[in-house]
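K.L.:
Its first residue numbered 1, the sequence shown is counted upward by one per residue in UniProt numbering. All C-beta atoms, glycine included, are put in the ideal place defined by N, C-alpha and C. What follows is a structure written as structure tokens; I'll ask about it next.
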Amino acid sequence: MKLISILFVKNLLSDSYLHIEDFEKLYEDYYAMLCMIAYEYCRDKKLAEDLVSETFMNLWEKRHSIVIQTSVKNYLIKSTQNTCYNTSGKER
């Protein structure tokens with residue numbers, strides 16, 4: 001999984017676009033873990049899945065401007081937590 005993360009970061013930070021295959025692999029590798037994290041915040045499986053999907057949509061939309069200073073895993077965890085915090089007042 002670390003190799004995929006390294007390749008993803010290289011593509012993400014390069015001048016070229018993020019390859020969809022890299023994004024799909026990242027989604028496959030981290031989706032379940034991020035859903036568990038989101039579930040801890042909202043205690044609703046469907047909402048947790050929606051929040052994680054929103055996290056990945058934000059990543060895709062901002063792929064050219066994102067600066068990742070930690071590991072991709074840590075970035076995704078923090079992004080998911082932030083999405084949960086930002087949504088907690090609206091959805092719950």
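1) Grab the span of the alpha helix (DSSP H) containing K62 for me, first residue to last.
2) Ordered along the chain, which non-local residues of its own chain (more than five positions away) have a Cβ less than 8 Å from that of Q81?
3) So is V67 buried or exposed if we call it buried at 16+ other beta carbons inside 10 Å?
4) Counting C-beta neighbours from all protein chains within 10 Å, is the total for Y85 16 or more, i.e. buried, or is it exposed?
5) Do you know offhand how far K45's Cα is from Y39's?
6) Locate the alpha helix (DSSP H) running through I20, then write down its first and last residues.
7) What did DSSP end up calling S53 once you bin it into helix, strand or coil?
P.N.:
With the structure as the only source:
1) Counted as a single uninterrupted DSSP element, the stretch harbouring K62 is not any alpha helix (DSSP H), since DSSP gives it neither H nor E.
2) Cβ neighbours of Q81 beyond the five flanking positions: I37 and Y41.
3) Using a 10 angstroms sphere on the CB of V67, the tally of other CB atoms stays under 16, which defines it as exposed.
4) With fewer than 16 other Cβ atoms inside 10 Å of its own Cβ, Y85 counts as exposed.
5) Each residue's Cα considered, the two are about 6 Å apart.
6) In the DSSP annotation of this structure, the continuous segment of the alpha helix (DSSP H) that includes I20 starts and ends at I20 to C42.
7) Of the three classes helix, strand and coil, the one that applies to S53 here is helix, per DSSP.
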